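Quick note: the sequence shown uses this note's numbering, first residue 111, plus one each step. All remarks here apply to the structure that follows.
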Amino acid sequence: MTTTFDDIAALVCRVLAAGAGLEADAGLDPAAPIGSAAIPIGSLAYVQALIEVEDEIGASFADRLFAEVGAATVGDVQRYAAAAA
């Protein structure tokens, strides 16, 4: 199980990068908005990525993220995932 913030942050980057068709070690900027040129992931791939992260950490956070954050960044996803874990 992934438990430290650094582990969860790395997991989020790996999963989002894969969903966007980027290299797994792309080193995504936490300030990069989801769907921007830096992380060009479509809506369905984004939701699938969030589900994959939830499955990996064993906790749900996507509903809260969607409810509280309008235009999420990579860092938002990392923080919400870490808070839920």
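Heads up, the beta-carbon is just placed ideally off N, CA and C, and yes, glycines get one too. These figures come from a predicted structure and were not determined experimentally.
| Check | Outcome |
| --- | --- |
| Quick check: the segment 148–158 against the segment 121–134, are at least 3 beta-carbon pairs closer than 8 Å? | yes |
| Could you check where the alpha helix (DSSP H) with Ser-170 kicks off and where it finishes? | Counting along the chain, Ser-170 falls outside any alpha helix (DSSP H), and DSSP gives it neither H nor E. |
| Whole beta strand (DSSP E) runs in the segment 114–138 with 3 or more residues, listed along the chain? | none |
| Looking at the strands, I want to know which residues DSSP matches up with Pro-143. | Thr-183 |
| Are Ala-192 and Ile-118 close, meaning C-beta to C-beta below 8 Å? | yes |
| Which value, in whole angstroms, describes the spacing of the CA atoms of Pro-140 and Glu-133? | 16 Å |
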